[in-house]
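Using this note's numbering, read the sequence shown as starting at 53 and increasing by one per residue.
Read the structure below first, then the notes.
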Amino acid sequence: MDGELIFAFVFAGCLLTAMVSWLVFGRLSMAKIEKAIMAEGKPRPCPWDGVGGRLVWYAYAVALPESFFNEVDNRQLNTSDVKRYTTRADQLRAWVFMIAGHGFVLLVFAAVVFDFG
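Following this line, the structure appears as structure tokens:
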């Protein structure tokens with residue numbers, strides 16, 4: 053099999069995984085966490101959403117330990133509020149989204165560098 057064809061299959065799989073995990077994490081995890089925080093009477097966390105950027109902030113806050121991604125580094129979210137309502141399933145969805153998303157970006161970069169297309 054040709055190297056570009058293998059790359060295309062890996063790229064398509066990573067893209068599809070990133071798209072599906074974006075939707076799943078956003079609907080099942082992020083929406084649930086935001087509702088729980090607002091039920092406390094706090095304002096909606098991360099009110100700015102630059103073309104889906106809020107979901108990325110949530111994924112980092114859910115997946116990474118608080119020592120890596122805390123309130124000092126993150127002006128958009130109060131990480132301790134997010135962590136309070138995070139389950140293991142949310143962490144798994146965040147990790148799948150982050151790995152697929154970063155993999156997609158790396159594959160786009162590789163396609164440009166190695167002139168696949």
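Where a beta carbon is used, it is the ideal one built from N, C-alpha and C, also for glycine.
Computed from a predicted model, the values in this text were never measured in an experiment.
key: Coil, strand or helix - residue 112 by DSSP   = Here the question's residue 112 lines up with position 60 in the sequence shown. Of the three classes helix, strand and coil, the one that applies to residue 112 here is helix, per DSSP.
Proximity to residue 151 [Cα-Cα], best of 60, 57 and 68 = Reading the sequence shown from its first residue, position 99 is the one you call residue 151. Comparing Cα-Cα distances from residue 151 to each of 60, 57 and 68, the minimum goes to 68.
key: Straight-line gap, residue 75 to residue 168 (C-alpha atoms, nearest Å)   = Within the sequence shown, numbered from 1, the residue matching residue 75 stands at position 23. Within the sequence shown, numbered from 1, the residue matching residue 168 stands at position 116. So the alpha carbons of these two residues sit roughly 28 Å apart.
inquiry  = Considering just the uninterrupted stretch of the alpha helix (DSSP H) at residue 144, what are its terminal residues?
reply    = Against the sequence shown, residue 144 aligns to sequence position 92. For residue 144, the enclosing alpha helix (DSSP H) starts and ends at 140–165.
query = With distances taken between CB atoms, is the gap from residue 20 to residue 115 smaller than 8 Å?
reply = Lying outside 53 to 169, the shown extent of the chain, residue 20 is not represented and no answer is given.
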